[in-house]
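There are 2 protein chains.
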Amino acid sequence: MTVRQLSMPELVDACRELGIGNVGLWREPVQTYGLEETTKLVRDAGLTVTTLCRGGFFTAVDPDARAVALADNRRAVDEAAALGTDTLVLVSGGLPSGSRDLHGARERIGDALAELGPYAESRGVRLAIEALHPMYASDRCVVSTLAQALDLAERFPAHQVGVTVDTYHIWWDDSAPEQIERAGAGGRIHSFQLADWTTPLPQGVLNGRGQLGDGSIDMREWTRYVAAAGYTGPIEVELFNEELWARDGREVLAETAARFIEHVFQ
Amino acid sequence: MTVRQLSMPELVDACRELGIGNVGLWREPVQTYGLEETTKLVRDAGLTVTTLCRGGFFTAVDPDARAVALADNRRAVDEAAALGTDTLVLVSGGLPSGSRDLHGARERIGDALAELGPYAESRGVRLAIEALHPMYASDRCVVSTLAQALDLAERFPAHQVGVTVDTYHIWWDDSAPEQIERAGAGGRIHSFQLADWTTPLPQGVLNGRGQLGDGSIDMREWTRYVAAAGYTGPIEVELFNEELWARDGREVLAETAARFIEHVFQ
């Protein structure tokens with residue numbers, strides 16, 4: 001999604017040129033290019049798919065809506081398995097229209113995971129609950145902290161349900177480092193994503209994630225936390241940013257790789 | 267600020283007409299009308315000033331900037347004392363430009379409180395640290411949770427430093443109810459404010475606080491929490507909302523009073 005202006009073949013080409021061997025994919029562009037076609041494309045290019053984003057949206061009350069959501073999540077699991085990634089990232093869903101019951105919404109996520117977890121396991125896929133920034137609590141994800149994500153995940157085996165650690169969503173939280181430790185101790189850090197925090201936030205607050213180094217988050221600090229917690233998996237950069245999307249995609253990908261080296265590894 | 271389109275005399279008139287006997291004031295409109303003039307106006311009208319907003323902005327590193335901030339906060343304490351309120355609400359400040367050190371910024375707030383607390387006590391004023399929503403962590407307030415606010419406040423006597431509980435900022439936080447209990451047990455709930463959470467958030471996310479009943483927050487639930495924690499003080503409605511500001515101020519004040527009755531007390 002960081003370079004969603006690139007078509008799937010353009011993305012794969014750009015990764016190859018830049019020596020990037022791993023890529024996190026979103027469902028929509030995969031579906032646009034076709035699941036089989038994407039699978040063949042990345043396989044032929046020797047690219048590893050790190051995660052598939054995203055399943056989730058489990059908070060509906062209506063039984064039909066819940067059944068539709070679960071069926072769609074099973075398809076997402078199937079897609080992840082086809083693409084060869086073992087991790088499906090989940091954005092859990094916001095409050096149903098008119099509801100003020102955060103607790104009930106969080107419980108319905110647990111109910112859905114109880115059904116989806118075993119199915120995912122049967123396909124060799126782990127679910128990764130992503131805590132989203134509290135500014136998304138009403139309309140996108142009632143799981144707002146790593147602690148809440150782990151409270152949910154720990155009801156299930158770690159090989160079924162873990163968490164995504166994303167700097168953009170948790171950087172403000174002084175309890176997040178100890179929650180990363182908790183997640184690591186339980187083998188539940190299933191994915192690690194980077195984005196920087198920049199202001200002013202845009203209208204709707206969806207597409208203002210900053211390029212690494214442009215904002216307030218110390219990327220090395222958070223990378224140290226997950227490393228100290230035993231995480232050795234891929235590190236994804238996931239930017240939703242209108243300004244980046246308006247630029248040449250290959251240029252943005254090259255810049256992102258350079259920023260990654262500068263702000264994470266140097 | 268909920269009806270900042272009203273001049274101070276218009277506000278006082280409207281309160282009298284609606285039978286509202288308590289009002290929270292902000293420094294800027296008080297300064298615009300004049301401190302002495304405002305003091306006389308509210309006293310003659312029999313209005314009680316519940317709190318003055320806002321002191322704070324303690325996070326600068328530069329010694330001169332810190333001295334300026336402290337001097338301004340002493341003036342804010344003096345203004346609160348003159349207006350007859352015992353509570354000055356504090357918005358602590360964001361990260362200094364280019365900084366990524368949340369921990370250091372929070373410590374500098376503690377340093378400032380150590381100087382300001384005794385001064386405020388000498389003037390009969392209590393300081394109330396307001397945790398602001400995490401979406402303001404970089405540019406406005408590095409104190410993002412009630413727990414962080416209490417961690418700071420508890421370094422000082424409760425009659426010097428407590429907290430503001432504001433539904434808008436903490437409604438997403440499942441640990442907030444126990445933190446309200448902690449605050450109440452320590453006699454540190456110095457103010458309680460209501461605003462509702464509505465989406466989509468506007469650009470800059472400052473002026474989108476919802477009218478009571480329009481959003482995702484259960485006002486009765488949070489009012490119960492503070493009441494159970496022993497709070498018996500005033501309840502303020504503080505809305506920053508461009509749409510409300512564009513309307514007739516008396517009409518908005520009347521609507522707000524009606525919503526307060528409907529969503530808090532009925």
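Top line first, the protein sequences correspond to chains L and W. Going by my numbering, the first sequence opens with residue 1, and the numbers climb by one from there. Going by my numbering, the second sequence opens with residue 267, and the numbers climb by one from there. Virtual Cβ for every residue (Gly too), placed ideally from N, Cα, C. Quick caveat, the model's predicted, so the values are computed rather than measured.
Report the neighbours of glutamine 148/L on chain W: residues whose CB is nearer than 8 angstroms to its CB, in chain order.
Position 148 of the first sequence, counting from 1, holds the residue named residue 148/L. Under the 8 angstroms cutoff, chain W gives Asp440.
Mind pulling the chain L residues with CB within less than 8 angstroms of glutamine 469/W?
Taking the first residue of the second sequence as position 1, residue 469/W is located at position 203. Near glutamine 469/W (Cβ distances below 8 angstroms), the residues of chain L are Pro200, Leu201, Pro202 and Gln203.
Threonine 411/W and isoleucine 436/W closer than 9 angstroms at C-beta
Your numbering for residue 411/W matches position 145 in the second sequence. Your numbering for residue 436/W matches position 170 in the second sequence. Contact: yes.
For arginine 100/L, which residues in chain W fall below 7 angstroms Cβ to Cβ?
The count along the first sequence starts at 1 and reaches residue 100/L at position 100. Result: Ser482, Ile483 and Asp484.
Below-9 angstroms beta-carbon distance, valine 408/W vs any chain L residue
Here residue 408/W refers to the residue found at position 142 when the second sequence is read from its first residue. It does: the Cβ of valine 408/W has a partner Cβ on chain L nearer than 9 angstroms.
Mind reading off the beta-carbon distance from leucine 379/W to leucine 393/W? Whole number of angstroms is fine, and I expect it under 8 angstroms.
Locating residue 379/W in the second sequence gives position 113, counting from the first residue. Locating residue 393/W in the second sequence gives position 127, counting from the first residue. Yes, they are in contact, since the Cβ atoms of leucine 379/W and leucine 393/W sit about 7 angstroms apart, within 8 angstroms.
Unbroken alpha helix (DSSP H) runs of length 4 or more, entirely within the stretch 85-141 of chain L: which are they?
102-122
Determine the direct distance from the alpha carbon of serine 365/W to that of threonine 167/L, and round the result to whole angstroms.
What you label residue 167/L is simply residue 167 of the first sequence in a count that begins at 1. What you label residue 365/W is simply residue 99 of the second sequence in a count that begins at 1. So the alpha carbons of these two residues sit roughly 16 angstroms apart.
Selection from Val161/L, Arg75/L, Arg247/L and Gln266/L that minimises the alpha carbon distance to glutamate 221/L
Walking along the first sequence from the start, residue 221/L turns up at place 221. Here the closest residue by C-alpha is Gln266/L.
Is leucine 313/W helix, strand or coil by DSSP?
On the second sequence, residue 313/W is found 47 positions in, with the first residue counted as 1. In this structure, leucine 313/W counts as coil in the three-state DSSP scheme.
Tell me which residues of the stretch 376-406 of chain W have at least one Cβ-Cβ distance to chain L shorter than 7 angstroms, keeping chain order.
His399, Pro400, Met401, Ala403, Ser404 and Asp405
DSSP-derived helix/strand/coil call for phenylalanine 531/W:
Numbered from its first residue, the second sequence carries residue 531/W at position 265. Helix, per DSSP.
Is any beta-carbon of chain C found at less than 9 angstroms from that of glutamate 487/W?
Reference to chain C is not applicable here, since the protein chains of this structure are L and W.
Distance, arginine 406/W Cα to alanine 76/L Cα
Walking along the first sequence from the start, residue 76/L turns up at place 76. Walking along the second sequence from the start, residue 406/W turns up at place 140. So the two alpha carbons sit approximately 39 angstroms from each other.
Report the partner residues of aspartate 432/W according to the DSSP bridge assignment.
For the purposes of this step, residue 432/W is taken as residue 166 along the second sequence, with counting starting at 1. In DSSP, aspartate 432/W forms a bridge with Gln459/W.
Determine, using beta carbons only, whether phenylalanine 260/L and alanine 195/L come nearer to each other than 9 angstroms.
What you label residue 260/L is simply residue 260 of the first sequence in a count that begins at 1. What you label residue 195/L is simply residue 195 of the first sequence in a count that begins at 1. No.
Excluding five sequence neighbours on each side, which residues of the same chain lie with their C-beta closer than 7 angstroms to the C-beta of glutamate 181/L?
Position 181 of the first sequence, counting from 1, holds the residue named residue 181/L. Excluding sequence neighbours, glutamate 181/L sits near Ala229.
Could you spell out the range, first to last residue, of the alpha helix (DSSP H) harbouring asparagine 73/L?
For the purposes of this step, residue 73/L is identified with residue 73 of the first sequence, where counting begins at 1. Looking at the DSSP string, the run of the alpha helix (DSSP H) that includes asparagine 73/L is 63-83.
Going along chain L in order, which residues have a C-beta closer than 9 angstroms to the C-beta of tryptophan 511/W?
Indexing the second sequence from 1 puts residue 511/W at position 245. Within 9 angstroms Cβ-Cβ: nothing; tryptophan 511/W doesn't reach chain L, min ~17 angstroms.
To the nearest angstrom, how far is it from the Cα of proline 134/L to the Cα of aspartate 310/W?
As a working mapping, residue 134/L is identified with position 134 in the first sequence. As a working mapping, residue 310/W is identified with position 44 in the second sequence. Distance between the alpha carbons of proline 134/L and aspartate 310/W: 43 angstroms.
Simplified DSSP assignment, three categories, for glycine 215/L:
Within the first sequence, the letter at position 215 stands for residue 215/L. Coil at glycine 215/L, not helix or strand.
Ordered along the chain, which non-local residues of its own chain (more than five positions away) have a Cβ less than 6 angstroms from that of isoleucine 501/W?
In the second sequence, counting from the first residue as 1, residue 501/W sits at position 235. Here the set comprises Phe458.
Compare the C-beta of threonine 145/L with all C-beta atoms of chain W and state if any pair is closer than 9 angstroms.
Within the first sequence, the letter at position 145 stands for residue 145/L. Closer than 9 angstroms: yes.
Starting from isoleucine 501/W, trace the beta strand (DSSP E) in both directions and tell me its first and last residue.
Residue mapping note: residue 501/W aligns to position 235 of the second sequence, counting from 1. Start and end: 501-503.
Answer with yes or no whether the minimum CB distance from leucine 354/W to chain L is below 9 angstroms.
Taking the second sequence and counting its residues from 1, the one referred to as residue 354/W is at position 88. Not one chain L Cβ lies under 9 angstroms of leucine 354/W.
Please confirm whether leucine 83/L and leucine 35/L have their CB atoms less than 9 angstroms apart.
Sequence index remark: in the first sequence, residue 83/L carries index 83 (1-based). Sequence index remark: in the first sequence, residue 35/L carries index 35 (1-based). In this structure, leucine 35/L lies closer than 9 angstroms to leucine 83/L by Cβ.
The stretch 14-36 of chain L: positions lying closer than 8 angstroms to chain W by Cβ:
none
Chain L within 9 angstroms of arginine 341/W, Cβ atoms only
Along the second sequence, read from residue 1 onward, the residue named residue 341/W stands at position 75. Not closer than 9 angstroms to any Cβ of chain L, the Cβ of arginine 341/W fails to qualify, so no.
Starting from the C-beta of arginine 534/W, find all residues in its chain whose C-beta is less than 7 angstroms away, skip the five residues before and the five after it, and write them out in chain order.
The question about residue 534/W has no answer here: the residues shown for chain W are numbered 267 through 532.
Counting contacts by CB-CB distance shorter than 9 angstroms, is histidine 190/L in contact with chain W?
Position 190 of the first sequence, counted from the first residue, corresponds to residue 190/L. No, histidine 190/L lies away from the interface with chain W (no Cβ there is under 9 angstroms from its Cβ).
Compare the C-beta of arginine 106/L against all C-beta atoms of chain W and say whether one is closer than 9 angstroms.
Locating residue 106/L in the first sequence gives position 106, where the first residue counts as 1. Arginine 106/L counts as touching chain W.
Under three-state DSSP, which class holds tryptophan 172/L?
Reading the first sequence from its first residue, position 172 is the one you call residue 172/L. Correct three-state label for tryptophan 172/L: coil.
Taking only beta-carbon positions, decide if aspartate 425/W is within less than 9 angstroms of chain L.
The residue you call residue 425/W lines up with position 159 of the second sequence. Note on residue identity: the sequence assigns histidine, not aspartate, to residue 425/W. Chain L, which has no Cβ nearer than 9 angstroms to the Cβ of histidine 425/W, makes this no.
Any Cβ of chain L within less than 9 angstroms of the Cβ of leucine 361/W?
Numbered from its first residue, the second sequence carries residue 361/W at position 95. It does: the Cβ of leucine 361/W has a partner Cβ on chain L nearer than 9 angstroms.
Just verifying my parser: in three-state terms, what is the DSSP assignment at arginine 54/L?
Position 54 of the first sequence, counted from the start, is the residue given in the question as residue 54/L. The answer is strand: DSSP assigns arginine 54/L an E or B state.
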